[in-house]
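Chemist: In my numbering, the protein residues as written are 2 to 207. Positions of the beta carbon are idealized from the N, C-alpha and C atoms, including for glycine. All figures in this text were calculated on a predicted structure; none of them were measured in a lab.
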């Protein structure tokens with residue numbers, strides 16, 4: 002099936018750090034195929050270097066994801082994950098330095114990170130709303146609920162970008178050696194419209 006056409010972008014909008022990072026790092030990750038990815042996303046003005054308006058956060062993410070899937074096909078997953086990591090690294094640094102109080106045992110630090118990260122994610126104008134809960138000292142669960150997103154079922158998991166963002170967040174907090182993140186349910190594949198990720202301890206509990 003052919004991917005759905007991307008939504009047109011408005012002419013006047015102030016670009017946010019998240020949207021700017023999405024565009025910049027999509028082009029970088031795509032390499033020689035960057036112009037094709039951006040053009041498919043309706044961002045050809047960024048390719049030519051000409052004057053361009055800001056990009057809505059939700060449309061930047063959705064349109065560029067579609068661009069990666071069209072250009073790279075079955076190989077898109079790795080590109081999307083790397084894109085998410087780079088966007089997460091840049092965006093987190095742009096909105097705040099790692100808090101000095103984010104120290105101590107790994108479980109407590111992850112609680113602190115989730116509080117900071119999920120609040121920031123819910124401040125974005127994207128189609129998901131984010132939530133989290135601590136199941137026990139070794140397991141955390143994150144849920145994305147799509148408010149008005151795609152209703153069709155897909156044949157592949159589309160959440161590689163967000164997994165990359167979570168990996169970068171763990172690295173930002175110095176927790177990448179203590180915790181591992183994975184997606185256990187994709188709502189766009191199952192039809193539930195809720196994507197579920199787990200963060201599990203990778204070593205002995207502290």
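Quick one: is residue 72 buried, meaning 16 or more other Cβ sit within 10 Å of its Cβ, or exposed?
Modeler: Buried.
Chemist: Around the C-beta of residue 200, are 16 or more other C-beta atoms found within 10 angstroms, so that it is buried, or is it exposed?
Modeler: It is buried - the Cβ of residue 200 has at least 16 other Cβ atoms within 10 Å.
Chemist: Kindly list the residues whose CB is nearer than 7 Å to the CB of residue 176, restricted to its own chain and excluding five residues on each side of it in sequence; keep chain order.
Modeler: 107, 110, 111 and 114.
Chemist: For residue 192, which option in 76, 147 and 46 has the closest C-alpha, if you only look at C-alpha atoms?
Modeler: The candidate whose alpha carbon is nearest that of residue 192 is 147.
Chemist: Between which two residues does the beta strand (DSSP E) carrying residue 117 extend?
Modeler: Careful: residue 117 lies outside any beta strand (DSSP E), inside the alpha helix (DSSP H) at 107-122.
Chemist: Which residue marks the beginning of the alpha helix (DSSP H) containing residue 21, and which one marks its end?
Modeler: Residue 21 -> alpha helix (DSSP H) spans 18-31.
Chemist: Using three-state DSSP, classify residue 199 as helix, strand or coil.
Modeler: Correct three-state label for residue 199: strand.
Chemist: Could you tell me the boundaries of the beta strand (DSSP E) in which residue 184 lies?
Modeler: Looking at the DSSP string, the run of the beta strand (DSSP E) that includes residue 184 is 180-186.
Chemist: Tell me the rounded alpha-carbon separation between residue 121 and residue 55.
Modeler: For residue 121 and residue 55, the distance between alpha carbons rounds to 20 Å.
Chemist: DSSP three-state call for residue 172: helix, strand or coil?
Modeler: Looking at residue 172 - three-state DSSP - the assignment turns out to be helix.
Chemist: Can you say whether residue 126 is buried or exposed, counting buried as having 16 or more other CB atoms within 10 angstroms of its CB?
Modeler: By the 10 Å Cβ count, residue 126 comes out exposed.
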